[in-house]
Amino acid sequence: MAIDILALLIAFLAGSVPFSWLLARYRYGVDLRATGDGNVGSGNLLHLGGIWLVVVATILDLLKGAIALAIVLAITGDEWVVLTGGGLVIAGHVLPPWLAFNGGRGASPAIGVAWALLPLSGLVMLGVGLIVLVGTRRTVVGIAAAVIALVAVTLAIDGNAGRLLFVVVLFLVVALKDVFDRFQSRRGRTTAK
Numbered sequence: 000m001a002i003d004i005l006a007l008l009i010a011f012l013a014g015s016v017p018f019s020w021l022l023a024r025y026r027y028g029v030d031l032r033a034t035g036d037g038n039v040g041s042g043n044l045l046h047l048g049g050i051w052l053v054v055v056a057t058i059l060d061l062l063k064g065a066i067a068l069a070i071v072l073a074i075t076g077d078e079w080v081v082l083t084g085g086g087l088v089i090a091g092h093v094l095p096p097w098l099a100f101n102g103g104r105g106a107s108p109a110i111g112v113a114w115a116l117l118p119l120s121g122l123v124m125l126g127v128g129l130i131v132l133v134g135t136r137r138t139v140v141g142i143a144a145a146v147i148a149l150v151a152v153t154l155a156i157d158g159n160a161g162r163l164l165f166v167v168v169l170f171l172v173v174a175l176k177d178v179f180d181r182f183q184s185r186r187g188r189t190t191a192k
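The sequence shown: position 117 = 116 (numbering that gives the first Met the number 0), numbered continuously.
Here is the structure:
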């Protein structure tokens with residue numbers, strides 16, 4: 000029981016490391032909450048002009064999700080604790096206590112969590128998502144293609160329906176957070192006019 004609580008705490012704390020915010024602060028001296036759309040994720044970091052910084056932040060967030068969940072998997076064999084840990088990685092990213100619970104949207108760490116839970120499907124998901132993202136230059140389209148690839152490969156090869164369902168729900172939550180944030184951002188702009 001205590002080891003499970005430790006695993007969950009590690010998942011949340013690892014998820015709460017705001018890499019994009021830290022990189023923006025280090026490189027540009029800017030608080031991402033005060034620029035662009037106010038989000039502390041890599042999408043807002045892109046508005047500062049540094050594509051390579053965005054690539055670094057995205058990779059760090061992806062690895063944050065994968066490594067945090069790999070640690071949880073190593074600590075406990077309880078599937079519910081593992082899945083809860085995956086959710087807490089995203090919760091930490093979205094609600095980091097060090098930034099007044101104002102975090103990123105959670106897409107990159109969610110991809111990392113999916114990769115840790117479903118390694119083969121996760122690798123295919125990463126490849127498909129990256130190819131579509133580069134081809135379309137639209138994050139939403141890349142993530143949608145990645146999730147479809149994840150579902151197809153998991154159903155065809157991996158067969159872990161429980162983990163697949165969890166990952167799909169996780170991405171739905173991330174998508175809802177994105178829609179909510181964009182609505183709030185637009186609402187704020189129209190109110191300010």
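Every residue gets a Cβ at the ideal spot worked out from N, C-alpha and C, and that includes glycine.
Since the structure is predicted, the reported quantities are computational estimates derived from the model, not experimental observations.
- Just measuring C-alpha positions, the residue of A10, V139, A151 sitting nearest V71 is A10.
- In the three-state scheme derived from DSSP, where H, G and I count as helix and E and B as strand, F170 is classed as helix.
- Taking C-beta atoms under 8 angstroms as the contact rule, V39 and L98 qualify, at a distance of about 6 angstroms.
- Judged by pairs of C-beta atoms under 8 angstroms, the stretch 94 to 109 touches the stretch 159 to 173, as three or more such pairs exist.
- A check of alpha carbon separations from A23 across M0, I50, A1, A65 identifies I50 as the nearest.
- Closest by C-alpha distance to L12, out of A90, R137, T138, is A90.
- The C-alpha of W79 is placed about 18 angstroms away from the C-alpha of G14.
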